[in-house]
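See below for the structure under consideration.
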Amino acid sequence: MGEFVEQSLESLLPTFEQLSHVQLFTESEVNAFVKRCRQFEYRLNKQEKTPRDFDLYAEYLCDFLKLLKSRRTKMQYWHKLKLIDRPMCKKVASIYRRAADRFQGDLHQWEKLINFLNEHTMRRELAAAYTRALQIHGRNENLRREFALWQFFSAASPQNARTQILASLRLFPESAILYSAFFTIEIHFVEKVLKRRKFITEKRGDPKHGSDDSDAERVYDEEVDDSIMNLDVAKAVVEQAISAVSREAVSGMLVEMWKECNKVELVPNIDTVRSFIMGKLKEFDNEDTRLFEIEAACKEGTSKFDAFDVALSKTPTERMHRLYLQWLRESSTRDGFSDMKIRSLLRSICDGDWMTENDWRDLEGCVQEAEEEFDEPFIEKCLEKRPQSAVFWNMYLEKRLKNNVAIDEFRDLCNRALEKIDPEESFPIWQHAIDHCILFAPNEVEQVFYDAMKKANTSVASKVKILFVDYLYQLYEDGKITPEQLKERLMELVNSKPNSGEFYCHVHRKELERSNLDTKFAGFVLKSAVIEECATVEAVILYAKWTMKYDISKFHVVHQTGLKLFKGAELDEFVVKWTQLVQEAAAEAIKNERRVDKAEKKKAVKKLSMKQKKKCFCALNLHTYLIFFSVRQGSCIFV
């Protein structure tokens, strides 16, 4: 296996050398890249291969090509493309081709190969890939259509495109997408011929434009039959398609043909063909007709919102709603008005009983974003159709609370909700039950808490415990329980396992916020989390902060415990946060030391100034005494 791996890597050896030589990548980056490629090569040379093995290697090389392009743009270095970029592209194409040949029945593998080759303009390999794919998946209409259009637009081979589309129509004589592609080829062929003739007429003898005369365009220099140039063939394609395709698919096909007519230029008879298609479209009255009317109205300056609203009023079907919804979601100008329209359409789809699983998820998100737009009867109707939705139950209970529902009725609603929804999503229901008891039955609040902790699963029970902690501290602040009673109840919660790391952190913070706090209890809570090995990174960091302030001798023990407790991403997070904690503590210590030094200097300066004042006062007294003594002696001495 190793020999095959090294042989495969040797084909990229010049590329690896050039990457390091031109300094687009550092030597360490190139070594890491080679090492990673070797690992992928070993996966491709094992006995049993999966599509994922090929996909991972190809996607890794594609990401590397994107990085390479970014580096070239940054450094403005565009040399040696044939030595670096081209071999890499061929390697990726080879991987995709091996995957497609090995898993021939998987159309997705062929699509990956075709898309990559098309993206990197590898025409020769792409033609071979299309041919091989059609040998295996010859009954795929979309694949045949794509090949024909590629032959026409990219390979500049209208004759091969016609041959391919006609052969496909023999296999699928009722295919709307193939007739639409045939029509596209015919009208664009006429457009290209007319453009070519115009170019030759205007630029003949002009040496400045000699380079524009490419081989790809010379295919349109040949004589073309008048029936093709007059679009008689295109019109015949439309008539044949209408007679061959099923009536349900004709209108959609005609809309696509009409759109193609709007794309071409310089074709004199295109208006005749367009009018013929529009006349046929008016014979139908369905969603495709509405799409045609929307496009026509927008060309005249009408807002697409208004055009869709008019179409929806004419044809209020599920498909029309979904077409409107699809356009709104794909619109580049997504704003509050579009979101409001989306919510309105989802509501209409719900009223029409056309909801799918994705629609329900979208509607739940809309209800959470704009609850004021959805009244209680609508939420109740949604619950009848989707009783397992925790979002609808949560919203329904909120609205019932605002309407002052009776105590017994609200309890029944909560019990029904808890029976229907997933236990993992039951926390909002318990929260509503607790809030309702606090307002209307305060004597039963603690019993509801205990019921919730007993019946709910671990994750929900932990959240309920956090609410219970807030409730107990509020009772303490209101003077309804003593500090001893508060500590006793908190100890009951701490000792009732299992608990989450968030619960321990919350109790610790609430205790530190208390006016008459118990530092030992605050540390004990986090110590319990660490001992049970259920602590989060946040809990260990909080414990470290507590030890720095109240028990510095255990600080290093907390660090060692965290290194043993966490693995993988959690360990990385712990190391980063621990480093930040130590840096912040060091910065704070330096700041405090400077503050102390500044205070001491200020104190020393103050003492020095007092001594100087005393000296000045003594000198002033001596000066006054000398003047007084001189006056007594009858003379005045000025010192």
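Following my numbering, the numbering of the sequence shown begins with 51 at its first residue and continues without gaps. Glycine is no exception: its CB is placed at the ideal position from the N, C-alpha and C atoms.
Helix, strand or coil at residue i [DSSP, three-state]
i, result
"K332", "coil"
"A506", "coil"
"I591", "helix"
"L62", "coil"
"S578", "helix"
"I471", "coil"
"L74", "coil"
"K354", "helix"
"R645", "helix"
"S685", "Confidence in S685 is poor, its pLDDT being 41 and thus under 50, which makes the residue's placement too unreliable to answer from."
"S512", "helix"
"N566", "coil"
"K653", "helix"
"R384", "coil"
"V519", "helix"
"M370", "helix"
"F616", "coil"
"Q97", "coil"
"V317", "coil"
"M172", "coil"
"R690", "Summary: the structure shown does not reach residue 690, with the chain confined to residues 51 through 689, and so no result is reported for it."
"V295", "coil"
"K309", "helix"
"G302", "helix"
"W628", "helix"
"I640", "helix"
"G573", "helix"
"A585", "coil"
"W443", "helix"
"H187", "coil"
Through-space distance from residue j to residue i, alpha-carbon basis
i, j, result
"V80", "H170", "23 Å"
"I591", "L621", "12 Å"
"R195", "A217", "11 Å"
"F249", "Q214", "29 Å"
"V510", "S120", "47 Å"
"C668", "E643", "Its pLDDT being 48, under 50, C668 is placed unreliably in this model, and the value from its coordinates should be taken loosely. If I take the Cα positions, the gap works out to 38 Å."
"L98", "L463", "As written in the sequence, residue 98 is Glu, which differs from the Leu given in the question. Going from the Cα of E98 to the Cα of L463 covers about 56 Å."
"E241", "E315", "7 Å"
"L184", "K332", "37 Å"
"V323", "F342", "15 Å"
"Y180", "E552", "57 Å"
"N545", "Y446", "36 Å"
"V283", "D151", "39 Å"
"N95", "Y107", "12 Å"
"E53", "R93", "14 Å"
"P64", "E91", "17 Å"
"V455", "A467", "16 Å"
"I134", "F114", "12 Å"
"A420", "H158", "40 Å"
"A637", "Q630", "10 Å"
"H482", "Q524", "18 Å"
"S261", "E67", "Unreliable placement is indicated for S261, whose pLDDT of 47 sits below 50; no coordinate value is reported for it."
Element boundaries [alpha helix (DSSP H), containing residue i]
i, result
"H558", "G551 to E563"
"I693", "The structure shown does not extend to residue 693, since the chain is modelled only from 51 to 689, so the question has no answer here."
"L221", "P208 to L221"
"C87", "E77 to L94"
"E337", "E337 to K349"
"M138", "L131 to R152"
"A456", "Where A456 is concerned, there is no enclosing alpha helix (DSSP H), given that its DSSP letter is neither H nor E."
"C112", "P101 to M125"
"S277", "D276 to M279"
"L158", "According to the sequence displayed, residue 158 carries His and not Leu. Here the alpha helix (DSSP H) through H158 covers L157 to E169."
"E224", "Unbroken run through E224: none, as it is neither H nor E."
"E196", "E191 to F203"
Closer than 8 Å to chain D by CB, residue i
i, result
"D425", "Among the chains of the structure shown, chain D does not appear; only one protein chain is present."
Q: Pick out the complete alpha helix (DSSP H) segments inside the region 406 to 441, 4 residues or longer, and give them in chain order.
A: 407 to 419 and 426 to 435
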